[in-house]
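Taken in sequence, the protein lines are chains A and B.
The numbering used here runs 9 ahead of the 1-based position in the first sequence.
The numbering used here runs 9 ahead of the 1-based position in the second sequence.
Just so it is clear, CB atoms sit at the ideal spot from N, CA and C, and this is done for glycine as well.
Note that the structure is predicted; figures quoted are calculated from it, not measured.
Shown next, in structure tokens, is the structure this report addresses.
Number of protein chains: 2
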Amino acid sequence: MPQVNIERIEHDITAISKFGFNEEDRGVYRQGFSEADMAARQWLRDQFETLGMVHEIDGAGNVSGRFGPADKPAVVIASHLDSVPAGGIFDGVLGVVAGLECIRTMQENGITPAYPVEVIATSEEEGRFGGMLGAQALTGRLTLEWLENAADERGVRLKDAMAEVGLDYHKALHAYRRPETIRAFLELHVEQGPVLDMEKTTIGVVEGISGVFKWMVRMIGKADHAGTAPMDMRADALMGMVDFAHEIPRIIDEEGTDKSRITIGHVACKPGFPHTVPGEVDFTIVGRDLSEDKMRSLAEACERVLSAIARKHKLHFEYEQMSWLEPAYCDPSIMALIESKAKALDYSYKIMPSGAGHDVQFFCNHTKAGLFFVPSVHGISHAPDEWTHWSDIERGTQLLYECVTELACEENASMVPVDRALQD
Amino acid sequence: MPQVNIERIEHDITAISKFGFNEEDRGVYRQGFSEADMAARQWLRDQFETLGMVHEIDGAGNVSGRFGPADKPAVVIASHLDSVPAGGIFDGVLGVVAGLECIRTMQENGITPAYPVEVIATSEEEGRFGGMLGAQALTGRLTLEWLENAADERGVRLKDAMAEVGLDYHKALHAYRRPETIRAFLELHVEQGPVLDMEKTTIGVVEGISGVFKWMVRMIGKADHAGTAPMDMRADALMGMVDFAHEIPRIIDEEGTDKSRITIGHVACKPGFPHTVPGEVDFTIVGRDLSEDKMRSLAEACERVLSAIARKHKLHFEYEQMSWLEPAYCDPSIMALIESKAKALDYSYKIMPSGAGHDVQFFCNHTKAGLFFVPSVHGISHAPDEWTHWSDIERGTQLLYECVTELACEENASMVPVDRALQD
């Protein structure tokens, strides 16, 4: 039985980690369309060339390499090469390198796929410009207006950043891949959360990407001298925020599921002086669930609780919904394939949602798409000390290989729809 | 019966408001030792001159004017002329102008005091350099070390700011007034809080200045992705702060009094991103009470609650006590005098603590000292829309006049000690 080679995988991940590596904080700085990002993409094309694959960079900056016939829909293995600032070495990279290793393993075992296997390193997945450019381009979820206006935090426009590296943003709209050109889509990623590591489980079979809403909330009371204003005469905006935040566990118990998340990540008091009762507090609410109905229930409960607490504390509140992204569901037949292969390999696995966004989410409504995780030690990601044990990397890649070869080599491989939603 | 003249008072307050007035935000910018501050002090000396008073500026920048004999202990009327940035027109100024008006009223009614009446505009009360320079100098609460090291928020050193306006900081240590040179100390101030205005009471007879402690607290958890970290696997530093803040009312109910205040005025989340569970939260706790025992109980309860909540949320916490200022108590005989005069004038009054610091606090352990308030509309102060009705200004000044003339003109005027603490 063909085995993937962990030494080659480690070599490749290490090689890519050099692009944008910062010796000081030991973090990876390979933001989309940076010099380091483009160098990593060129490195990948060199590997495709060595393996005799047909390769290209499309108008959105996606780098793809094909192994197998040109005239049939492809089994796509994709993830990204760009990183957040001070990121880790596995995030995204694993899915691309595992794809390369699948090709090499097929080649050294003399396996010729009936369907082409295509490895894609998508561009700008980490959202430097506020989207997932590569995956959106491939699935037709881009507009000219967005391309022309998107900018990063420093005000650099996407179109200028693309021009800088020789890409014409108009061409991003040519990167669209019609659904009939894709047989299946697979992504392997590190979990970036603590669940698999804490539960000592090897594989997370992802059922979907949680939907997410983001609110900017402003509580408005009255700034007062912290000494002269008696407790019962205050309109303390911070205490409004505090009373709301205190209710979050109850809101989830009553309205949510074990897949719900509500997070306050940012709080700013005005004027923010120790001796002044805060007259105004701005804070963010980010809510998630795998069910859009549940998301709506959570959002409604947040509004209800904010409203009641504002009344109680003599405050006003206002909020702006900055975004509402609906959940995306992985294909049940692909999930069933991943499960059956994990069972066959005797890897422990669990069905779970993904709380983080991934390239796969744009492919969910476009083709039969699946995503699975390997454990992140202590759940750490987007940080220099992101780590996944090499033995888990090896298992994840082996599982990817099993799925890919079945999808690419056998005509009606486990592509029988299974309605997982009905099973649960 | 001699009456103070509200037109003269209004004229003077308006005249002083011009020094450092900003047309744009209509706030007063007369920070200690600024050009505007020194100009206001010179204006005051001109008034003293006109009234034939003996006047001087001491080494700390305090401007004083004496009416009456030089060889007896003085009845001191004091407050300050400096302001916070964007301050109001009454804060401090009222006490100085009311003192001037007392002298004028005595003069026009042909009253010659047996004891000198001294009006002092203290320097740098608002704490640009972190203290109350003038009052500390007068009461011997200064050190050479502090004078040499104190600096404002921009890093300007006190000694340089003083040199700039022609003052030698060494001379501040010569400003000390031996207790036997002061017969009594009186301060009239706007409340800077909402109590009198809300309760429609004219006069607040201050029993003491609340003690205050200030802590910088750090809650330390673990930064996590707000999507991938399940609610029960988080160590959310913000939720630790939130649970603590939620307990503040209970802490006061159980350990404090109606004079207790606990305020969180500043909160900073790290990293402070909407999609990241806060791994660290810095916040301030400022606690106050009129009893130092109660302050200790409140502080101990805060520590206990922080500790329990940290355990519950898998957090660590640390705190630094930035300051602990003990309460200061007004003299019961002076309080009794103010009360009796308020009763005689048929002004409504209430006994209350001062949550804000005032010049008087340094005189409390130095001489027989008293402070009383007139209402601040909506409790607003340290802001351009600080306001006190002219009729309340008039009543406060009349009451000051009654107290001062009794203390200065009659040998054993109500200076009989009354132990108010025992009455309460």
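Counted within 10 angstroms of its Cβ, other Cβ atoms place residue i as buried (16 or more) or exposed
{"i": "S357 (chain A)", "result": "exposed"}
{"i": "Q145 (chain A)", "result": "buried"}
{"i": "S400 (chain A)", "result": "exposed"}
{"i": "D67 (chain B)", "result": "buried"}
{"i": "R39 (chain B)", "result": "buried"}
{"i": "L195 (chain A)", "result": "buried"}
{"i": "H391 (chain B)", "result": "buried"}
{"i": "F28 (chain A)", "result": "buried"}
{"i": "K268 (chain A)", "result": "buried"}
{"i": "E135 (chain B)", "result": "buried"}
{"i": "R313 (chain A)", "result": "exposed"}
{"i": "H203 (chain A)", "result": "First, the residue type needs correcting, since residue 203 (chain A) is Pro and not His in the sequence shown. The residue in question, P203 (chain A), is buried, as its Cβ has 16 or more Cβ neighbours within 10 Å."}
{"i": "S92 (chain A)", "result": "buried"}
{"i": "Q2 (chain A)", "result": "Look at the range of chain A in this structure, 10 to 433, and you will see that residue 2 (chain A) is not part of it."}
{"i": "P287 (chain A)", "result": "buried"}
{"i": "G164 (chain B)", "result": "exposed"}
{"i": "D428 (chain B)", "result": "With a pLDDT of 41 at D428 (chain B), under the threshold of 50, the predicted position of this residue should be treated as unreliable, though the coordinate-derived value follows. By the 10 Å Cβ count, D428 (chain B) comes out exposed."}
{"i": "E216 (chain B)", "result": "buried"}
{"i": "M331 (chain A)", "result": "exposed"}
{"i": "G119 (chain B)", "result": "exposed"}
8 Å contact criterion, which residue i and residue j should meet: CB distance rounded
{"i": "M304 (chain B)", "j": "G220 (chain B)", "result": "5 Å"}
{"i": "R227 (chain A)", "j": "E301 (chain A)", "result": "26 Å between Cβ atoms; not a contact."}
{"i": "G140 (chain B)", "j": "A159 (chain B)", "result": "7 Å"}
{"i": "I18 (chain B)", "j": "V106 (chain B)", "result": "6 Å"}
{"i": "V37 (chain A)", "j": "G101 (chain A)", "result": "Their Cβ separation, rounded to whole angstroms, is 10 Å, which puts V37 (chain A) and G101 (chain A) out of contact at 8 Å."}
{"i": "V72 (chain A)", "j": "L53 (chain A)", "result": "5 Å"}
{"i": "V295 (chain A)", "j": "K223 (chain A)", "result": "5 Å"}
{"i": "G143 (chain A)", "j": "T131 (chain A)", "result": "3 Å"}
{"i": "G236 (chain A)", "j": "H284 (chain A)", "result": "7 Å"}
{"i": "M240 (chain A)", "j": "M207 (chain B)", "result": "In fact, because the Cβ distance is near 14 Å, the residues do not count as touching under 8 Å."}
{"i": "V13 (chain A)", "j": "E110 (chain A)", "result": "5 Å"}
{"i": "F30 (chain B)", "j": "V174 (chain B)", "result": "That pair is no contact at about 19 Å."}
Proximity to residue i [Cα-Cα], best of the options
{"i": "T272 (chain A)", "options": "B:D245, B:R404, B:T59, B:I18", "result": "B:D245"}
{"i": "Y338 (chain A)", "options": "A:H375, A:P384, A:L354", "result": "A:H375"}
{"i": "V276 (chain B)", "options": "A:R270, A:E289, A:L182, A:G96", "result": "A:E289"}
{"i": "E58 (chain A)", "options": "A:L147, A:D46, A:L103, A:I112", "result": "A:I112"}
{"i": "Q201 (chain A)", "options": "A:M361, A:V286, A:R166", "result": "A:M361"}
{"i": "D280 (chain A)", "options": "A:G230, A:N71, A:F381", "result": "In the sequence as presented, Asp is not what sits at residue 280 (chain A); that position holds Pro. The shortest Cα separation from P280 (chain A) among A:G230, A:N71, A:F381 belongs to A:G230."}
{"i": "V199 (chain B)", "options": "B:L416, B:L409, B:S385", "result": "B:S385"}
{"i": "A238 (chain A)", "options": "B:M331, B:H387, B:F76", "result": "B:H387"}
{"i": "F372 (chain A)", "options": "A:V286, A:R50, A:Y185, A:I15", "result": "A:Y185"}
{"i": "E415 (chain B)", "options": "B:L147, B:D340, B:S26, B:I347", "result": "B:I347"}
{"i": "E162 (chain B)", "options": "B:F138, B:A310, B:G143", "result": "B:F138"}
{"i": "F382 (chain B)", "options": "B:H398, B:D291, B:F222", "result": "B:H398"}
{"i": "S26 (chain A)", "options": "A:H89, A:P11, A:G70, A:K81", "result": "A:H89"}
{"i": "P125 (chain A)", "options": "A:E157, A:G175, A:P78", "result": "A:P78"}
{"i": "A310 (chain B)", "options": "B:E256, B:Q51, B:M225, B:E216", "result": "B:E256"}
{"i": "P393 (chain A)", "options": "A:N14, A:I98, A:Q12", "result": "A:I98"}
{"i": "M115 (chain B)", "options": "B:E154, B:D80, B:M62", "result": "B:M62"}
{"i": "H179 (chain B)", "options": "B:L205, B:E189, B:A69, B:G265", "result": "B:A69"}
{"i": "S342 (chain A)", "options": "A:A87, A:E395, A:R192, A:D21", "result": "A:R192"}
{"i": "E189 (chain A)", "options": "A:L307, A:G213, A:E419, A:K377", "result": "A:K377"}
{"i": "G104 (chain A)", "options": "A:Q51, A:L182, A:I402, A:G41", "result": "A:I402"}
Identity of the residues DSSP links to residue i by a beta bridge
{"i": "K231 (chain B)", "result": "B:A244"}
{"i": "M361 (chain A)", "result": "A:V215"}
{"i": "V221 (chain A)", "result": "A:R297, A:L334"}
{"i": "K279 (chain A)", "result": "A:E289"}
{"i": "I257 (chain B)", "result": "I257 (chain B) is not bridged to any residue."}
{"i": "L197 (chain A)", "result": "A:F381"}
{"i": "I413 (chain A)", "result": "Per the sequence presented here, residue 413 (chain A) reads as Val, with Ile not at that position. V413 (chain A) pairs with nothing; no bridge assigned."}
{"i": "R75 (chain A)", "result": "A:V63, A:E127"}
{"i": "T272 (chain B)", "result": "B:V295"}
{"i": "A87 (chain B)", "result": "B:I129"}
Please identify, using Cβ separations under 7 Å, the residues of the region 264 to 282 of chain A that lie next to chain B, in order along the chain. Of all residues in the region 264 to 282 of chain A, only R270, T272, I273, G274, H275, V276, C278, G281, F282 place a beta-carbon less than 7 Å from a beta-carbon of chain B.
Using Cβ-Cβ distances below 7 Å, what residues of the region 171 to 205 of chain A are close to chain B? Listed by position, the residues of the region 171 to 205 of chain A near chain B (Cβ gap below 7 Å) are E200, Q201, G202, P203, V204.
Could you please tell me which residues of the region 229 to 242 of chain B, in chain order, have their CB closer than 9 Å to any CB of chain A? Flagged, chain order: K231, A232, D233, H234, A235, G236, T237, A238, P239, M240, D241, M242.
Using a Cβ-Cβ cutoff of 7 Å, what residues of the region 294 to 318 of chain B are near chain A? List them in chain order. Flagged, chain order: V295, R297.
Listed in chain order, which residues of the region 359 to 377 of chain B have Cβ atoms closer than 8 Å to some Cβ of chain A? Flagged, chain order: S363, G364, A365, G366.
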